[in-house]
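Encoded as structure tokens, the structure appears first; notes follow it.
Numbering (the numbering used here), first residue to last: 308 to 486.
Structural data, given as structure tokens:
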């Protein structure tokens, strides 16, 4: 890498880190601006893994802001890119983002399918999620448990564990309109 490219990588990483700080302090507008600026730099560099990560970050931020359509589109774009580059950890994050969006819009069956799919991938990877991600996911899973009968949840969980990323992508938002 030349000095200019190294600088762009470092700048993009710094912008993401600053965005994370603003996210933690609930300054969503500042976080979004920094994430978007980082995404521009990452696209200039063609850094597919970091592009997918930034799309996922922006999807999470849009979800927190209640912008469901934008959030779902960003998670889907992140998921497509994660699949393309073979990043299964990022795949899990994007699928869980979509699952949280499904539950937020009142579609617990869709959420159960997606959470189960992500659980299977996590088990295959023998991957431990970061504590804050796991805690948030656990809160959503508790909501999910209250939203479906045990029988419906078990059936959805079994079906979801059999799904792959292509199945998730076929579960398009046109079947589950965002509210």
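From the three backbone atoms N, C-alpha and C, an ideal C-beta is built for every residue, glycine too.
| Query | Result |
| --- | --- |
| Meets three-Cβ-pair contact criterion under 8 angstroms: the region 381-389 and the region 415-423 | no |
| 7 angstroms CB neighbourhood of residue 351 in its chain, flanking five on each side removed | 315 |
| Contained alpha helix (DSSP H) runs [length at least 4] in the region 424-484, N- to C-terminal order | 438-454, 457-468 and 472-477 |
| Environment of residue 390 [buried if 16+ CB atoms lie within 10 Å] | buried |
| Own chain partners of residue 361 with C-beta closer than 7 angstroms, once the 5 adjacent residues on each side are dropped | 323, 342, 345, 346 and 349 |
| Three-state secondary structure (DSSP) of residue 417 | helix |
| DSSP three-state assignment for residue 364, whether helix, strand or coil | helix |
| Whole-angstrom distance between residue 451 and residue 441, CA atom to CA atom | 15 angstroms |
| Same chain only: Cβ atoms within 7 angstroms of residue 318, ignoring 5 sequence neighbours per side | 348 |
| Residue 372, enclosing alpha helix (DSSP H) - first and last residue | Counting along the chain, residue 372 falls outside any alpha helix (DSSP H), and DSSP gives it neither H nor E. |
| Buried versus exposed call for residue 321 [16 or more other C-beta atoms within 10 Å across all chains shown] | exposed |
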